[in-house]
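S.K.: Got a structure for you, written out below as structure tokens; questions coming shortly.
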Amino acid sequence: MTNKEFKDTLDKLLKPHGFKKKGNEWTMDTTELYKAIDLQKSNFSNLYYLNYGYNFKDLDYDGTKHHIFNRLGSSDTVVNKMIQDTFDLEKSMDDLTRIKNLGDLINNILLPEVNSTNNKTDIMNALKTRPTLNDIPLKVKEYLNIKTE
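Using this note's numbering, read the sequence shown as starting at 64 and increasing by one per residue.
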């Protein structure tokens, strides 16, 4: 599968859910948030990472790409291996399997999380499940009234 075919497949999976593509990024707005999904290509191989995150509309802070950052992954080693293999275009995998995997990952992991996050309250509830908030910028922590002690 070529890089273009890979990106086109992702576009076909995300567009019906209201995401608009610009470059390697798909975006959607809610009343309070900008939702973004983007592809990050490895500098060393034809491996991609699927990042997603949220920006608060009423927070004037562009010091980071996402106020709240996530990367598609799983604590389940089998699922995580599937993610890595599917997003590594150098990995030998027939196109139909890669397309099926992409559909499964987008529809069963990514979209349920992204679609259930629509406001500040949803973000706060999601942050409570994280073991650490070290990846949240200080300005965002201040905006969310998260203690930084």
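All C-beta atoms in this analysis are idealised placements derived from N, C-alpha and C, irrespective of residue type, glycine included.
Could you pull out every residue in the same chain whose Cβ sits closer than 6 Å to the Cβ of residue 153, ignoring the five residues on either side in sequence?
M.R.: Here the question's residue 153 lines up with position 90 in the sequence shown. So the list reads 108 and 109, once near-sequence residues are dropped.
S.K.: Which residue or residues does DSSP assign as beta-bridge partners of residue 103?
M.R.: Counted from its first residue, the sequence shown places residue 103 at position 40. 112, per the DSSP bridge assignment.
S.K.: Using only CA atoms, which one of 87, 131 and 204 lies nearest to residue 96?
M.R.: For the purposes of this step, residue 96 is taken as residue 33 along the sequence shown, with counting starting at 1. Cα-wise, what sits closest to residue 96 is 131.
S.K.: Residue range of the alpha helix (DSSP H) that residue 67 falls in?
M.R.: Locating residue 67 in the sequence shown gives position 4, where the first residue counts as 1. 66-77 is the extent of the alpha helix (DSSP H) around residue 67.
S.K.: Within its chain, find whatever has a CB closer than 6 Å to the CB of residue 114; leave out the 5 residues flanking it on each side and keep chain order.
M.R.: Translated into the one-based positions of the sequence shown, residue 114 becomes position 51. Listed in chain order, the non-local C-beta contacts of residue 114 below 6 Å within the same chain comprise 101, 103 and 134, local neighbours out to five positions each way being set aside.
S.K.: Buried or exposed: residue 169, going by 16 or more other Cβ atoms within 10 Å of its Cβ?
M.R.: In the sequence shown, residue 169 corresponds to position 106, counting from 1. Buried, by the Cβ-count rule.
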